[in-house]
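So for the sequence shown, the numbering used here puts the first residue at 6; every next one is plus one. In this text, a Cβ means the ideal position worked out from N, Cα and C, and glycines have one as well. Quantities reported herein were computed from a predicted structural model and do not represent experimental measurements. These notes are about the structure you will find just below.
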Amino acid sequence: MAVATDLKSPADEPVVRDIDLYGDGDVFPTYGYLKVPGAAEIRKAARGEGPVPATGLATRRQLRAMGLCPGGHEPVAQMVWRTGKRMAWLYSLELAKPKRVPTLAQEAALDKAMARRQTCPKCRRRYFRCLPLKTLGMCLECHDGTPADPADYVSAATQWLTAA
Numbered sequence: 006m007a008v009a010t011d012l013k014s015p016a017d018e019p020v021v022r023d024i025d026l027y028g029d030g031d032v033f034p035t036y037g038y039l040k041v042p043g044a045a046e047i048r049k050a051a052r053g054e055g056p057v058p059a060t061g062l063a064t065r066r067q068l069r070a071m072g073l074c075p076g077g078h079e080p081v082a083q084m085v086w087r088t089g090k091r092m093a094w095l096y097s098l099e100l101a102k103p104k105r106v107p108t109l110a111q112e113a114a115l116d117k118a119m120a121r122r123q124t125c126p127k128c129r130r131r132y133f134r135c136l137p138l139k140t141l142g143m144c145l146e147c148h149d150g151t152p153a154d155p156a157d158y159v160s161a162a163t164q165w166l167t168a169a
């Protein structure tokens, strides 16, 4: 049985190691919360309080709020907060593209799918939220008589209107 005698103690090992994700020798930039370049301007633009800056870094949610998407590009940096427990990828605004607009057929297909999840099969009401159809099979009012708020659903259509 061979015993390694030249092992280093754990105290000699560094606690944090930088990993080269792309293999090009560069270290992946890491920023703390609100330490990202241009963070104040990007937050204002994401809230609709200011113009979209031409340069800077933003998260996916911030890009979506500004009407943009990463455009197929990889993240260029990361933001870490809560002592490393939380992390978000950052994308370049220069490489971001406008988000796609769905066609009418795509919107109709999505509405049809959501209608199936939001409509009670018993009373035919369409709610503004998804119903527990897998567990209960119907809305709460039909299941146990819990009254539903009338502002929470649309009444069942009694007849279809046809174009003349």
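One thing to note: residue 130 has its Cβ within 7 Å of the Cβ of residue 158. Considering only 50, 135, 75, 107, the residue with the shortest C-alpha distance to residue 99 is 75. In the structure shown, residue 117 adopts helical secondary structure according to DSSP, grouped into three states.
Judged by DSSP secondary structure, residue 66 falls within the alpha helix (DSSP H) whose first and last residues are 65 to 70. Rounded to the nearest angstrom, the Cβ distance from residue 94 to residue 140 is 35 Å, too far for a contact under 8 Å. Using a Cβ-Cβ distance cut-off of 8 Å, the region 67 to 85 and the region 100 to 109 are in contact, since at least three pairs of beta carbons, one from each stretch, lie closer than that value. Between residue 36 and residue 82, the beta carbon gap of about 6 Å places them in contact (Cβ cut-off 8 Å). For residue 51, the enclosing alpha helix (DSSP H) begins and ends at 44 to 52. Assignment of residue 74 by DSSP, reduced to helix, strand and coil, places it in the strand class. For residue 39, no alpha helix (DSSP H) run applies, since DSSP gives it neither H nor E. Going by DSSP, residue 145 is part of the alpha helix (DSSP H) stretching over 145 to 149. Where residue 160 is concerned, there is no enclosing beta strand (DSSP E), because DSSP gives it neither an H nor an E. Counting every other CB atom within 10 Å of its CB across the protein chains shown gives residue 38 a total below 16, marking it as exposed.
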